[in-house]
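Notes follow once the structure below has been shown.
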Amino acid sequence: MVFYVVAHEMGHQWWAHQVIGANMEGATVLSETLAQYSALMVMEKEYGRDAMRKFLKYEMDNYLRSRGQERLKERPLLKVEANQGYIHYRKGSVVLYYLKEMIGEEAVNRALRKVIQQYAYANPPYPTSYALVDALREQTPPNLQYLLKDLFEDITIFSNRTLDATAQKRPDGKFDVSINVETQKFKADAKGNETEVPVDDWIDIGAFAKPEKGKKYGDTLYRERVHITQKSSKFTFVTTELPEKAGVDPFALLIDRIPDDNTKNVVLSSTKQAASPSNRQQRQTSALTQR
Ligand SMILES: [Zn+2]
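In this text, residue positions in the sequence shown follow numbering that gives the first Met the number 0: the first is 0, and each later residue adds one.
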């Protein structure tokens with residue numbers, strides 16, 4: 000925690016000390032969200048990409064808890080009020096981390112570099128949150144432009160959950176792991192009313208080993224990003240050891256109603272079950288794995 004907080008405060012050497020937002024809605028995106036994203040990336044460099052689920056989960060739990068206590072209006076990130084820390088720190092860092100996962104760290108860094116070049120130590124008029132979003136938009140390929148609306152302009156919430164996870168030992172000693180998952184996507188208004196929208200998103204699936212003694216998080220045994228366009232999907236993949244948990248969005252990259260149900264304990268099944276080659280998602284996954 001000390002390392003994380005110090006990294007955030009160091010981030011302010013750029014975000015607030017060099018680039019400062021105009022005194023209006025969205026201003027804290029240019030200071031607190033970017034300092035917090037910078038801190039997350041320092042954590043990733045220090046502890047590795049697989050360890051990020053610990054920090055992302057911490058941020059997301061805080062966001063979900065706090066939005067339930069909002070007394071006025073929840074704002075989209077782009078128009079966050081200065082006193083809505085649960086949005087500009089917590090949601091902001093998770094959202095930018097997912098964008099980095101989707102467009103790449105270098106693309107995000109090019110956008111951040113542009114904002115610094117344009118506005119560091121500049122005189123008024125000061126930039127608004129649009130300066131950042133416009134710079135990110137320039138670095139985002141056409142097929143992913145929807146992300147900027149989802150992450151910055153709207154309040155977007157997923158309900159990803161794993162219904163069951165099973166494993167079966169193969170003759171070669173590895174394991175066939177199957178997961179049945181549900182994915183729903185919602186847009187929320189300022190009062191928290193949710194409207195379901197079609198899912199057409201890139202979401203990770205994965206599996207984790209049992210944590211070693213004294214550790215809370217097990218090693219990542221499998222990680223893959225899949226394109227999900229329907230509520231129910233089944234995925235099958237192979238791991239070298241028996242996972243303890245498996246599921247959908249296991250790294251908590253997306254804002255999710257209940258992050259804890261994204262993974263489930265894997266049940267080892269002894270009987271050979273009939274394969275279902277007619278399952279479209281399953282074929283899609285193996286096609287992706289082969290690539
Ligand atoms: Zn700060």
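Virtual Cβ for every residue (Gly too), placed ideally from N, Cα, C.
In terms of residue numbering, what span does the beta strand (DSSP E) encompassing residue i cover?
{"i": "residue 221", "result": "219-227"}
{"i": "residue 164", "result": "154-168"}
{"i": "residue 67", "result": "Residue 67 -> no beta strand (DSSP E), and no H or E assigned at all."}
{"i": "residue 233", "result": "231-238"}
Do residue j and residue i count as a contact pair if the criterion is CB distance below 8 Å?
{"i": "residue 196", "j": "residue 185", "result": "yes"}
{"i": "residue 160", "j": "residue 260", "result": "yes"}
{"i": "residue 180", "j": "residue 238", "result": "no"}
{"i": "residue 294", "j": "residue 165", "result": "The question about residue 294 has no answer here: the residues shown for the chain are numbered 0 through 290."}
{"i": "residue 55", "j": "residue 250", "result": "yes"}
{"i": "residue 76", "j": "residue 151", "result": "yes"}
{"i": "residue 26", "j": "residue 81", "result": "yes"}
{"i": "residue 93", "j": "residue 227", "result": "no"}
{"i": "residue 147", "j": "residue 162", "result": "no"}
Tell me which same chain residues have a C-beta within less than 7 Å of the C-beta of residue i, skipping the five on either side of it?
{"i": "residue 219", "result": "49, 205 and 207"}
{"i": "residue 125", "result": "19, 20 and 21"}
{"i": "residue 12", "result": "none"}
{"i": "residue 23", "result": "127"}
{"i": "residue 83", "result": "74"}
The alpha helix (DSSP H) with residue i in it runs from where to where?
{"i": "residue 38", "result": "31-46"}
{"i": "residue 122", "result": "Taken as a continuous stretch (DSSP letters only), residue 122 belongs to no alpha helix (DSSP H), as it is neither H nor E."}
Which residues in the same chain have their Cβ closer than 6 Å to the Cβ of residue i, if we skip the five residues on either side of it in sequence?
{"i": "residue 31", "result": "87 and 88"}
{"i": "residue 14", "result": "30, 33 and 34"}
Could you tell me whether any Cβ in chain B is nearer than 8 Å to the Cβ of residue i?
{"i": "residue 186", "result": "Considering every chain present, this structure includes no chain B. It has just one protein chain."}
Taking the straight line between their C-alpha atoms, what separation do you get for residue i and residue j?
{"i": "residue 234", "j": "residue 169", "result": "17 Å"}
{"i": "residue 122", "j": "residue 128", "result": "17 Å"}
{"i": "residue 210", "j": "residue 173", "result": "19 Å"}
{"i": "residue 108", "j": "residue 214", "result": "33 Å"}
{"i": "residue 65", "j": "residue 229", "result": "30 Å"}
{"i": "residue 287", "j": "residue 222", "result": "Any reading at residue 287 needs caution, since the residue's pLDDT is 46, under 50, leaving its predicted position unreliable; the model's value is listed next. Those two C-alpha atoms are separated by around 12 Å."}
{"i": "residue 52", "j": "residue 171", "result": "31 Å"}
{"i": "residue 138", "j": "residue 131", "result": "11 Å"}
{"i": "residue 38", "j": "residue 2", "result": "9 Å"}
{"i": "residue 189", "j": "residue 269", "result": "49 Å"}
Give every residue of the same chain whose Cβ lies closer than 8 Å to the Cβ of residue i, excluding the five residues on either side of it in the sequence, and list them in chain order.
{"i": "residue 244", "result": "164, 206, 207, 217, 262, 263, 264 and 265"}
Is the segment 37-47 touching the segment 2-17 in the sense that three or more CB pairs, one from each, lie closer than 8 Å?
With a cut-off of 8 Å, the segment 37-47 and the segment 2-17 count as touching, because enough Cβ pairs lie within range.
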